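Each residue of the sequence shown is one higher than the one before, counting from 215 in the working numbering. All C-beta atoms, glycine included, are put in the ideal place defined by N, C-alpha and C. Predicted model, so just to flag it, every value in this text is computed and none were measured. One structure below.
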Amino acid sequence: MTGRPIGRIAVTGVGPVVEHGERPAKSVIGEEFEVVATVFREGHDAVGATVVLTDTDGHEHRVPMHRVNAGLDAWSATVGADRPGSWSYRVEGWSDPYGTWHHSAVINVGAGVDVALMLEEGARVLERAVTEVPRSKEQAVTLTDAIAALRDTGQTPEARLSAGVAAEVQAELRERPLRDHVTPSSDLPWLVERERALYGAWYEFFPRSEGARLDDRTGQWRGGTLATAAHRLDAVAAMGFDVVYLPPIHPIGRVNRKGRNNALRAEPSDPGSPYAIGSSEGGHDTVHPDLGTIDDFDAFVGHAHELGLEVALDLALNCAPDHPWVTAHPEWFTRRADGSIAYAENPPKKYQDIYPLDFDGDPQGLYAEIRRVVRFWLDHGVTIFRVDNPHTKPLWLWERLIADVAAGQPGVIWLAEAFTRPPMMHTLARIGIQQSYTYYAWRNTRDELTEYCTELAGPAAAYMRPNFWPTTHDILTPFLQRGGSATWKMRAALAATLSPSYGIYAGYELMERVARPGAEEQIDNEKYEYKDRRWAEHDEAGTTLAPYLRRINQIRRAHPALHRLRNLRFHHADDEHFLVFSKARRIYDRDDVILVVANLEPEHTRDTWIHLRMPDLGLDWPDRFVAHDLITGENWNWTEHTFVRLGPATEPVHIIHVRPEAVTGPR
């Protein structure tokens, strides 16, 4: 025989499970999810199931499961954790003596068969429940009263049976059941992390552009610094973002430096790509002298923390040809047949200014240096790393590095910039990376968004968390190239409500959408030049989406339902160009329910009937509710079937707070 033997009670199909239990399922503090199992036994005797959670201190917590499909013996329970760390869970199947008796007694007593015997057997089952299962005196009274009633021959058999199967007796035994033949599944690992691993609004900017100015007299740029960039943090915090993400801030190589728009020849004033890391001024543990010093970085981080912002830094394991590692450790790079070092390529793109690392020449030495670099930035207040192209490095590197860091600083978060094949994206998540960039930027139709988000919110949510970015410094999709302000609003609103984590790249507020011909990126890519966006002028002129982003983030913070992923539910619209979905979450004694209706072609006015799955909104099918639009402040009466119209004259997206009471008026 191979595999785990079946016990006295069969417990199979336990989930969620990641790679057969070899890696942990993930959640964050307070995030609830379903544990499922198939539990059954031979014959017709009743069975029950319990989830056993083992916390970080080794204490066990039992959660009753309920049968969700009797025909398939399917069981489920909703669980969550109140602290971070390594937990585990298992499912225990057990024979249910009370349930077996209850079923037989109702049939036999009703038919007048073995009445006295059935009632005595019930009394004995309850006696066992009192003596064998720990419970308080108050809890035991419910059962002892039922025992007395079952044996009270002065009452009718029907009355005696009613006492034994009373609702309060059943409730007490659901909470503290009598269990025979308890059979556990294997313990499955479960990693509980801080909430930022799942929920957060990110904002990316290049520090060298914040405070950059073009000298009209000389035609030369003066770049921004970490000190000038720190002033931008106030606006980022005012828009309601949680994380500020910086591309690499290290010295930039001079050998093969790229010019504007990836030109092979750089002008003397061109700053080069910050991803071509390293020069005679230092490498990955150094601040670019043009940006300032490590003290300036510390001041930047300090101001961010004062504003409630976490700082994410790009971990780009690239080296310019003049990086100190190239001379000190030539074994860390790949040599070609002519003796030259191979530069990076991502066909059709070529990166002559970057040497990729070779992890096979001296893996231990290279790992030790990378670990030292990561520790350096952790010591300077970085709490999150956005990992550049992790799929081009060996998986063992990330598995080992993340585990090493977590051993000393378990709250560190890693975001994979992995626009690559699904197996690699999923494996990066399984081995420890908390979040991943996704294909959201290229999912535009209702079918595409529904299918993709259903996948992300389904089984994959046990280990992989999406971070939705409408654009990045390298991505400007044709959909946004063609769209006006309504399109840019819609894509930001969907990113912020479909996914608990989303990101905005600086310039999104200004709808920068002139593409380089034949490419899905800005014609003037900020990787190769400075940008002076003149924020104050746009704020004064009102030519910015900053107020809209601020409102979106206010809504996200105020509504905990948007802090979760697995609660995503889709509804139907007659017009295929509408997307309708909801998220619900119970907080203490109230339900927070958000309903989103989006026109996916917002430059055109469209109308449709939407058809809501009312139970997903916490309502009964005939109910009416107040649809309070959190963008406009308007209120309407909505029902299961509701007519909506969205277009350029309105906001492109309804973000509705569902209030289960009716108001007078239209709709």
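Anticipated Cβ contact below 8 Å, residue i with residue j, distance rounded
{"i": "VAL601", "j": "LEU523", "result": "Not really, about 20 Å apart at Cβ, beyond 8 Å."}
{"i": "ILE616", "j": "THR597", "result": "Not confirmed; about 14 Å, so no contact."}
{"i": "ARG780", "j": "ALA671", "result": "6 Å"}
{"i": "GLY492", "j": "GLY467", "result": "6 Å"}
{"i": "GLN648", "j": "GLU407", "result": "7 Å"}
{"i": "ALA558", "j": "ARG550", "result": "About 13 Å separates the two Cβ atoms, so there is no contact after all."}
{"i": "TYR666", "j": "ARG657", "result": "5 Å"}
{"i": "LEU580", "j": "PHE590", "result": "Not really, about 16 Å apart at Cβ, beyond 8 Å."}
{"i": "ASN849", "j": "HIS842", "result": "5 Å"}
{"i": "ILE568", "j": "ASN532", "result": "5 Å"}
{"i": "TYR417", "j": "LYS741", "result": "About 17 Å separates the two Cβ atoms, so there is no contact after all."}
Residue from the options with nearest C-alpha to residue i
{"i": "GLY221", "options": "PRO680, GLU233, VAL305", "result": "VAL305"}
{"i": "SER483", "options": "ARG873, VAL457, GLU743", "result": "GLU743"}
{"i": "GLU815", "options": "ASP788, MET704, ALA477, VAL515", "result": "MET704"}
{"i": "GLN695", "options": "LEU724, PRO673, VAL728", "result": "VAL728"}
{"i": "THR873", "options": "TYR312, ILE223, ASP837", "result": "For the record, residue 873 in the displayed sequence is Arg; it is not Thr. Looking at the Cα atoms, ASP837 is the closest of the given residues."}
{"i": "ILE223", "options": "PHE682, SER699, GLY437, PRO398", "result": "PRO398"}
{"i": "ASP536", "options": "GLN566, VAL525, ARG635", "result": "GLN566"}
{"i": "LEU364", "options": "SER350, VAL383, GLU346", "result": "VAL383"}
{"i": "VAL379", "options": "ASP509, GLY336, GLY595", "result": "GLY336"}
{"i": "PRO433", "options": "ILE689, ARG614, GLU481, ARG827", "result": "Note on identity: in this sequence residue 433 is Gly, with Pro being the wrong assignment. Of the listed residues, the one whose Cα sits closest to GLY433 is GLU481."}
{"i": "LEU759", "options": "ASN603, GLU723, GLU352", "result": "GLU723"}
{"i": "PRO348", "options": "LEU392, ALA415, GLY486", "result": "LEU392"}
{"i": "ALA239", "options": "ALA750, ALA733, ALA676, ASN739", "result": "ALA676"}
{"i": "TRP315", "options": "GLU734, SER300, GLU334, ASP429", "result": "GLU334"}
{"i": "VAL840", "options": "GLY861, ALA787, VAL807, ARG827", "result": "VAL807"}
{"i": "HIS871", "options": "GLU865, GLU386, ARG859, ILE845", "result": "ILE845"}
{"i": "ALA354", "options": "ALA377, LEU387, LEU331, ALA381", "result": "LEU387"}
{"i": "SER554", "options": "LYS563, PRO562, PRO570", "result": "PRO570"}
{"i": "THR719", "options": "ASP688, ASP271, LEU826, PHE599", "result": "Before going further, note that residue 719 is Tyr rather than Thr in the sequence given. Nearest option by C-alpha distance: ASP688."}
Boundaries (first-last residue) of the beta strand (DSSP E) holding residue i
{"i": "GLU418", "result": "414-418"}
{"i": "TRP852", "result": "849-852"}
{"i": "GLN384", "result": "Counting along the chain, GLN384 falls outside any beta strand (DSSP E), though it belongs to the alpha helix (DSSP H) covering 381-389."}
{"i": "LYS745", "result": "From DSSP, LYS745 is part of no beta strand (DSSP E); its letter is neither H nor E."}
{"i": "TRP546", "result": "Premise fails: TRP546 is in no beta strand (DSSP E) and is neither H nor E."}
{"i": "HIS786", "result": "782-787"}
{"i": "ALA224", "result": "224-229"}
{"i": "TRP835", "result": "Looking at the DSSP string, TRP835 is not in any beta strand (DSSP E), and its letter there is neither H nor E."}
{"i": "PRO761", "result": "From DSSP, PRO761 is part of no beta strand (DSSP E) but of the alpha helix (DSSP H) over 760-772."}
{"i": "SER650", "result": "649-651"}
{"i": "TYR565", "result": "563-565"}
{"i": "PRO398", "result": "394-398"}
{"i": "ALA558", "result": "558-560"}
{"i": "TYR459", "result": "457-460"}
Residues sharing a beta bridge with residue i, DSSP
{"i": "ARG800", "result": "ASP805"}
{"i": "ARG882", "result": "The first residue shown for the chain is 215 and the last is 881, placing residue 882 beyond what the model contains."}
{"i": "ILE718", "result": "TYR417"}
{"i": "GLY486", "result": "Answer is none; GLY486 lacks a bridge partner."}
{"i": "THR264", "result": "PRO278, GLU306"}
{"i": "SER247", "result": "This sequence places Phe at residue 247; Ser is not what is there. VAL293, per the DSSP bridge assignment."}
{"i": "ASP528", "result": "ARG600"}
{"i": "ARG404", "result": "In the sequence as presented, Arg is not what sits at residue 404; that position holds Trp. ALA239, TRP301."}
{"i": "SER493", "result": "GLY496"}
{"i": "LEU860", "result": "ARG820"}
{"i": "ASN476", "result": "ASN476 pairs with nothing; no bridge assigned."}
{"i": "THR686", "result": "ILE689"}
{"i": "ARG873", "result": "VAL840"}
{"i": "ALA775", "result": "Its beta-bridge partners do not exist; DSSP assigns none."}
Enclosing alpha helix (DSSP H) for residue i [first to last residue]
{"i": "ARG539", "result": "Note on identity: in this sequence residue 539 is Trp, with Arg being the wrong assignment. That run of the alpha helix (DSSP H) goes 538-542."}
{"i": "ALA700", "result": "699-712"}
{"i": "THR668", "result": "660-671"}
{"i": "PRO692", "result": "692-696"}
{"i": "TRP612", "result": "609-622"}
Any non-hydrogen atom of the ligand FAD closer than 6 Å to residue i Cβ
{"i": "TYR489", "result": "No copy of the ligand FAD occurs in the structure displayed, which carries no ligand at all."}
Chain D within 7 Å of residue i, Cβ atoms only
{"i": "LYS472", "result": "Among the chains in the structure shown there is no chain D, since it carries only a single protein chain."}
Would you check if there are 3 or more beta carbon pairs closer than 8 Å linking the segment 792-812 to the segment 823-831?
yes
contact_flag[the segment 390-406, the segment 221-231] where n(CB pairs < 8 Å) is 3 or more:
yes
Check whether the segment 708-715 touches the segment 767-776, taking contact to mean three or more Cβ pairs, one atom from each stretch, closer than 8 Å.
Yes, the segment 708-715 is in contact with the segment 767-776.
For the segment 297-315 against the segment 253-267, do three or more pairs of beta-carbon atoms, one drawn from each stretch, fall closer than 8 Å, so that the two count as touching?
yes
If we count Cβ pairs, one from each stretch, closer than 8 Å, do we get three or more for the segment 410-426 versus the segment 361-375?
no
Would you say the segment 678-696 touches the segment 434-453, given that touching needs at least three Cβ pairs under 8 Å?
no
Inspect the CB distances between the segment 502-518 and the segment 469-476 and report whether three or more fall short of 8 Å.
no
Is the segment 443-460 touching the segment 414-424 in the sense that three or more CB pairs, one from each, lie closer than 8 Å?
The segment 414-424 is in contact with the segment 443-460.
Okay, do the segment 319-327 and the segment 286-293 touch, 3+ Cβ pairs below 8 Å being the bar?
no
Three Cβ pairs or more, each shorter than 8 Å: is that satisfied between the segment 807-826 and the segment 746-763?
When Cβ pairs closer than 8 Å are counted between the two stretches, the segment 807-826 is seen not to touch the segment 746-763, the count staying below three.
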